[in-house]
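FYI, the numbering for the sequence shown is -22 to -1, 1 to 75, going by mature numbering (1 follows the signal peptide of the UniProt record, and there is no 0). No residue lacks a Cβ here, since even glycine has one placed at the ideal position from N, Cα and C. Here the structure is a predicted model, which means the values were calculated and not measured. Notes to accompany the following structure.
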Amino acid sequence: MKNLKVKLAAIALVLGAGSALASAHHAFATRKWGKDASTGIYTEVTGLSSPSGYRCQNSSNVCTEEYPTDVDPNNQANDSHPGIAQPSNTVLGTFLQ
C-alpha cells in the first residue's frame, strides 16, 4: 500500500509539472522602432527609454511601433519574417531623437 501511495504521488507530481509547463504563456520577443514622419524611415529604439533616448511629441502621427524581432519595417519584402507583419503596439506622436 505504501508503494502505491509513492507511485501515485510521483504521477501527480509529473502531471502537475507537465500541465504547468503546457499552460505557461511565452511572450514573443519584439523590437521597438521610431518612425520619422517626414521620411517614413524607422529607427530602432529597442532598449531606449523616453524621454532620454527619444521623445514622442503629441500628434496623430505614428511615433513608435513594435514588431517581432525578425521584422525590419524599413524592408519587409526582404527581411526574414514571412509576409508583411503588422505592429503589435503603436504609440502616437511625432518621433524626435
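- Here DSSP, grouped into helix, strand and coil, assigns Leu26 to coil.
- Lys13 has its alpha-carbon roughly 10 Å from the corresponding atom of Leu70.
- Linking Asn56 to Ala63 through their CA atoms gives a straight-line distance of about 12 Å.
- When only Cα atoms are considered, Asn52 and Thr72 end up about 18 Å apart.
- The beta carbon of Leu26 sits closer than 7 Å to the beta carbons of Tyr32 from its chain, once the five residues preceding and following it are set aside; these are given in chain order.
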